[in-house]
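For reference, the structure discussed in these notes is given below.
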Amino acid sequence: MLDAKDKNTAAPDVAVIGAGAAGLMAAGEAALCGARVVLFEKMARPGRKICITGKGRCNITNIKGIA
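For the sequence shown, our numbering gives the first residue as 50, with consecutive numbering after it.
Pasting the structure below:
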């Protein structure tokens, strides 16, 4: 639910539903491209499955630009 102060902010360009690995990456890429992004997640802890991959080391693979 929006507070009164939030009604004066600009509307987002992109809405991402789900803060899993794909949703977080999509939201991040959209933001890097200059979009105003809003990310919706129903769970209390976004990205939970990412945090338990790689024996707790947040195993993220196949990302361009990581050196």
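Built from N, CA and C at the ideal position, the CB exists for glycine as well.
Per-residue burial, residue i [other beta carbons within 10 Å of its own, 16 or more giving buried]
| i | result |
| --- | --- |
| Ala68 | buried |
| Ala76 | buried |
Distance CB(residue i)-CB(residue j) smaller than 9 Å
| i | j | result |
| --- | --- | --- |
| Ile99 | Ala70 | yes |
| Ala59 | Arg97 | no |
Alpha-carbon spacing of residue i relative to residue j, whole angstroms
| i | j | result |
| --- | --- | --- |
| Ala93 | Val87 | 16 Å |
| Met50 | Asp62 | Its pLDDT being 49, under 50, Met50 is placed unreliably by the model, and nothing is read from it. |
| Phe89 | Met74 | 13 Å |
| Gly72 | Leu81 | 14 Å |
| Glu78 | Lys104 | 26 Å |
| Gly83 | Lys91 | 25 Å |
DSSP-derived helix/strand/coil call for residue i
| i | result |
| --- | --- |
| Ala64 | strand |
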